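Data first, discussion second: the structure below is written as structure tokens.
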Amino acid sequence: MPPCGRPFLTYIRAMLTPLRLIRRSIGLLIGLGALSCALTLLYLGSSAVMSIGGSCGSGGPYVVETPCPTGISWIIPVSILGGLAALGVYAANLLPVGPRLVVLAWPALFLSLGWAFLDSAIDPELGVEWGFMVCAVVFILMGGLPLLFLAKRDAARRVFWGVAPPEAAPPGNVPRPGEVRWITSVELPGDRDRDREREREQEWDGHDHRPSAPASAEPSPPSGLVGELERLAALREAGRLDEAEYSAAKKRLLNG
Amino acid sequence: MTPMNATAVRVLSIVLHVVAVAGGVYLGVLIFHAAT
Chain A
26 MPPCGRPFLT
36 YIRAMLTPLR
46 LIRRSIGLLI
56 GLGALSCALT
66 LLYLGSSAVM
76 SIGGSCGSGG
86 PYVVETPCPT
96 GISWIIPVSI
106 LGGLAALGVY
116 AANLLPVGPR
126 LVVLAWPALF
136 LSLGWAFLDS
146 AIDPELGVEW
156 GFMVCAVVFI
166 LMGGLPLLFL
176 AKRDAARRVF
186 WGVAPPEAAP
196 PGNVPRPGEV
206 RWITSVELPG
216 DRDRDRERER
226 EQEWDGHDHR
236 PSAPASAEPS
246 PPSGLVGELE
256 RLAALREAGR
266 LDEAEYSAAK
276 KRLLNG
Chain B
-6 MTPMNATAVR
4 VLSIVLHVVA
14 VAGGVYLGVL
24 IFHAAT
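So the sequences go chain by chain: A and B. Residue numbers for the first sequence follow the working numbering, beginning at 26 and rising by one. Residue numbers for the second sequence follow the working numbering, beginning at -6 and rising by one.
Given below as structure tokens:
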């Protein structure tokens, strides 16, 4: 997913050098191709097993009642493990934009197997095979119910079309409608002394560009309790504190 | 580095998905019939 608050095109440009694009495209092609191949093999292999009754065996020291069709003994395990690996390759090589079908792997698996069960459950000559029918219903529900989330337009768009570009930040530092901003400042012990020292150094170096004023016109800030009370009064007069806030702050100061 | 166009990448991604799914299914059918 593109990071929040970063312009989309900048993200695309930073993310995809031509070499990365080629590498990811190849990975996507191999991953999704192998995943589709594995699901197809699993569907066909399962259908073949269901067509001979739903169970079979091959190898081992025992006499097998229903031998598996040729190739099925490796097709099914390889398609399951290979499909999982292919899903990982596909997910790792998704492009920043475009379809993202990873979430559809589960429905694809269960709906295809559910369809295979349903196909085997209904026989024109023998009627309905209820064992297969129950499996078909369970598998189709397991695969179909998660697809309901695609009813949401945003979700469907995200899966089939890709991630929508994030809204560009408004130019400058202008608050959006309804946005509330506040500024807080914390004064640490020694900050005031450090500021005073810096001012004094500037004056001594002769680089003080502030308008010159007589020393008596610039009284040093009062310190201690009286200074804090004066500061509070000044804030109230300036309208930055209302009466209630002023009273509460004054009370806090006086109570220590 | 040539800047990538988002639309071009999206179109490429869609084409790759279609080709991969179609090719994968076709390959699966071929492998199944060759193996059984």
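Ideal placement from N, C-alpha and C gives every residue a C-beta, glycine not left out. Quick caveat, the model's predicted, so the values are computed rather than measured.
Residue i classed as buried or exposed, judged by whether at least 16 other C-beta atoms fall within 10 angstroms
i: L23(B); result: exposed
i: A(-1)(B); result: buried
i: H10(B); result: buried
i: S83(A); result: exposed
i: Y115(A); result: buried
i: G56(A); result: buried
i: R217(A); result: exposed
i: T42(A); result: exposed
i: Y87(A); result: exposed
i: L64(A); result: buried
i: V14(B); result: buried
i: V251(A); result: exposed
i: L282(A); result: This structure gives no information on residue 282(A), because the portion of chain A shown stretches from 26 to 281.
i: G21(B); result: buried
i: N280(A); result: exposed
i: F164(A); result: buried
i: G264(A); result: exposed
i: V74(A); result: buried
i: L170(A); result: exposed
i: G168(A); result: buried
i: R221(A); result: exposed
i: V153(A); result: exposed
i: R49(A); result: buried
i: V89(A); result: exposed
i: L46(A); result: buried
i: G139(A); result: buried
i: F174(A); result: exposed
Expected contact under 8 Å - CB spacing of residue i and residue j to nearest Å
i: V184(A); j: P124(A); result: 7 Å
i: S80(A); j: T91(A); result: 7 Å
i: A161(A); j: L136(A); result: In fact, because the Cβ distance is near 10 Å, the residues do not count as touching under 8 Å.
i: L54(A); j: V18(B); result: Contact doesn't hold; Cβ gap of about 14 Å is too wide.
i: A59(A); j: G107(A); result: 6 Å
i: L112(A); j: A130(A); result: 5 Å
i: N118(A); j: G187(A); result: Wrong, their Cβ atoms sit about 14 Å apart, outside the cutoff.
i: G78(A); j: I101(A); result: In fact, because the Cβ distance is near 16 Å, the residues do not count as touching under 8 Å.
i: S104(A); j: L67(A); result: 4 Å
i: A146(A); j: M158(A); result: 4 Å
i: L257(A); j: Y271(A); result: 6 Å
Residues bridged to residue i (per DSSP)
i: I147(A); result: V153(A)
i: P92(A); result: G82(A)
Heavy atom of the ligand ADP within 7 Å of residue i beta-carbon
i: G17(B); result: Of the ligands one can find in the structure shown there are none, so the ligand ADP has no counterpart to examine.
Residue-chain proximity (residue i, chain C), Cβ-Cβ < 8 Å
i: L60(A); result: Absent from the structure: chain C. Protein chains present are A and B.
**Item:** Proximal residues, the segment 78 to 111 of chain A versus chain B, C-beta separation under 9 Å
**Value:** P94, T95, G96, I97, W99, I100, S104 and A111
**Item:** Interface residues of the segment 136 to 160 of chain A facing chain B [CB-CB below 8 Å]
**Value:** none
**Prompt:** At a Cβ cut of 8 Å, what residues of the segment 120 to 133 of chain A count as close to chain B, listed as they run along the chain?
**Reply:** L120, P121, V122, G123, P124 and L126
**Asked** Which ranges would you report for the alpha helix (DSSP H) in the segment 97 to 132 of chain A if only whole runs of at least 4 residues count?
**Response** 97 to 117
**Request:** Compile a chain-ordered list of the residues in the segment 43 to 54 of chain A whose CB is closer than 8 Å to at least one CB of chain B.
**Result:** P43, L46, S50, L53 and L54
**Prompt:** Quick one, which residues of the segment 63 to 76 of chain A are near chain B if we go by CB-CB under 9 Å, in chain order?
**Reply:** A63, L64, T65, L66, L67, Y68, L69, G70 and A73
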